[in-house]
Structures are given as C-alpha cells and as structure tokens.
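Colleague:
Structure representation (structure tokens):
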C-alpha cells in the first residue's frame, strides 16, 4: 500500500497544495517551521482520523479560515481508494472513503496504517503511564476492531463514572444502582482490554527484542505489561475501592491505570538508560510496530520519519539505512532541514528518492536532490 496523491485545503500553513508521491522514498526538505511536519500530520490524519501533534482539530485549521480538507489517494496493487477528512470549526468531523461517509470514525482505523517516528517519541520513556498506554492502544486498535470498540466504551463509561462520583461529593448523595451500571460496562469492556493486551504483548515482545538486537547487538532490552488485574479481579477491585473512589471523586482501579515497564539489562530504562539507549529502545518499539502491522495486514504500513537524522548518531542512522537499502520499509516519508545530509545518507546506500522543497507553505518537487 502507498499514498499516491495528497491534496490540502486550509490545512495548517497550507492554503492549497497538491502532491504526487513516489511509492518508495519521499524526502521533504526545508527550514524549521516551513511546514514539512505538517505534511506528515496530514498523512497521519488520513490514517488515524486525528493529528499526531495537536489535541484539537481546530488547531489544524489555517489561520483566518474556518475549515480544512485533507484528501489522499491510496493504492494497493490495482485497487485505489480516495480518503477525505474535513473539519468545519464548531461542527462534527466528517470522514469519507470514496463517496461514502463513515458513520463512526472507528470504522476507518486500521485500513490505511502509518507508523510515525518523531523527536517527541522520547515522551514514551520520560512521561507517565498514559503515554505508553496510548502508544500500545494505537497499535492494537489498528489491528483489532473489537478492542477499539471496547476501548471507546471503557473510556466513555470511565468519564461518566468519574462525573457521577464528583456529583455525589457535590450533592452529598449516593446512588448505588447508578454507580453499578457504569461498573458493569467497565468490567465488560475492561476485561476485553486486559485479555487483549496480555495476548498482544506476548506477540509483540519477541519482535521488539529482535529489532533492539539489530540496532544494539550487545545489550538486552525488555518490556513488561503491568496491571492491577493480575492480582485482583476487575469487579472485586472496583468493589474494594468504592469508598476510596467516593473520597477521591475518581475511579482508582482499572485498566486505565495499566503501564508498560521498559527495562535495559536489569534496570529501569528511564532512570538508568542513556539518551542513546533510550532512542534505540524507541526505534525498536516503532520498528516492531511496523512489523506487527505488516504481518497482520499482509502489506507494509507507510513509515513517517520526522527530523530523526538530526536526533540520531551515525551508528543508529546506519542501522536504519540498512533497512531502507534492502527495501524493508515500503513507502517512506522523511523530513530534514538539511538536504545535503539526507542526500549523502541515501546516496551512501544507493537509494533514489523524490524530493520536495518546502518553503513557507509552498512546495516544489524535484526528481532528485539539487
């Protein structure tokens, strides 16, 4: 699968843009702030129905406008599909495949997968458990529709249960029947999430270890799924923590508190790993994500590399280039502020690329580096 065409209207710093891409390597070069990463984000929208970098769709609307449209044409063998995402300020997001609007955005997730490697990925190591849950939830949701639907139900019920707990505190009241109605949803949906996460990490772990060994041959890295449900049943845990929840005005037990522990050797990666080791760990995670999706879908996801040549040392770049040279990564989008560096790196492995020069929201294409 690859993205053949991309059209933007009022998206971030682009008034209007039309691009035709190579099915192999596409390099976006330009100064920082010129709009290179915005192009990657447009591709991310077409895959996952949301931005990779902003929390609100309104932040993706060009300044002074009240809507944006992103349209892409995806091709796989002889099949071509047009995907359109439109946002009107203050209105519901619309997503369309061909001429048919999706009734639910979740119906689209997983059809046109992408994997993004970006500088902010270090948050997976440095930040709290929420970032790690989001990462693995995003992978599993692209593979398992049942999981995605359960995740949506769980998060909705969790939000409603927390609101109910707060209302109890504000009004000095209590309604056991209302609380238990949300508990049932949390138990049903949460059990699906728990069981699927256990199975997934069992499949993911050996793939991750393989890629980490490929990047850093003489180190042992590991990851572990950590959850309260390994010790306590879901319903029992909710019941045991009810008084605590009433006091805290939030739900203190459940799979929304799960974490994934990253280790290097016998120590915690966050505390003991160097910056280089943390970057190697993250790249291995993302390459494992790529491989797991490829195995499940039967085709390679699109890989987006945002400014990573500026963040990696020569050794780690060389390992990535080896994968590119052997055409292991499918369609690839690379951003870089230094075209000379990217040109030299790709020439070192004798790999051609289509180059797009980006300047203040305008784009010019070249069949090669100039």
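Numbering (full-length UniProt numbering), first residue to last: 1 to 370. From the three backbone atoms N, C-alpha and C, an ideal C-beta is built for every residue, glycine too.
#1: Residue 350: which of 6, 25, 12 sits nearest, CA to CA?
#2: By alpha-carbon positions, which one of 19, 141, 210, 291 ends up nearest to residue 70?
#3: In chain order, what residues of the same chain lie with their CB nearer than 6 Å to the CB of residue 336, ignoring the 5 residues before and after it?
#4: Measure the Cβ-Cβ separation of residue 78 and residue 166 and say whether it is below 9 Å.
#5: Going by Cα to Cα distance, which pick from 118, 102, 117 is closest to residue 111?
#6: Check whether the Cβ atoms of residue 53 and residue 62 sit closer than 9 Å, and answer yes or no.
#7: Go through its chain and collect everything with a Cβ distance to residue 129's Cβ below 8 Å, but skip five positions before and after it.
#8: Please state whether DSSP places residue 389 in a helix, a strand or coil.
#9: Check whether the Cβ atoms of residue 190 and residue 147 sit closer than 9 Å, and answer yes or no.
#10: In or out: residue 247 buried (at least 16 other Cβ within 10 Å) or exposed?
#11: Where does residue 166 sit, in a helix, a strand or coil, going by DSSP?
#12: For the 8 Å Cβ check, are there 3 or more pairs between the region 302-318 and the region 111-127?
#13: For residue 334, report the span of its beta strand (DSSP E) as first-last.
#14: Taking the beta strand (DSSP E) that residue 18 falls in, what are its first and last residues?
#15: Going by alpha carbons, who is nearest to residue 357 out of 9, 11, 17?
#16: Can you check whether the CB of residue 43 is closer than 9 Å to the CB of residue 302?
#17: In chain order, which continuous runs of the alpha helix (DSSP H) of length 4 or greater are located wholly inside the region 247-278?
#18: Less than 9 Å separating the beta-carbons of residue 333 and residue 305?
#19: Assuming residue 214 and residue 319 form a contact by the criterion Cβ under 8 Å, report the distance between their Cβ atoms to the nearest whole angstrom.
#20: Between the beta-carbon of residue 187 and the beta-carbon of residue 234, is there less than 9 Å?
Modeller: Checking against the coordinates, here is how it stands:
#1: 25
#2: 19
#3: 29, 309, 342
#4: no
#5: 102
#6: no
#7: 257, 258, 259, 260
#8: Because the chain spans 1 through 370 in this model, residue 389 falls outside it and cannot be assessed.
#9: no
#10: exposed
#11: helix
#12: yes
#13: 332-336
#14: 14-20
#15: 17
#16: yes
#17: 269-272
#18: yes
#19: 6 Å
#20: yes
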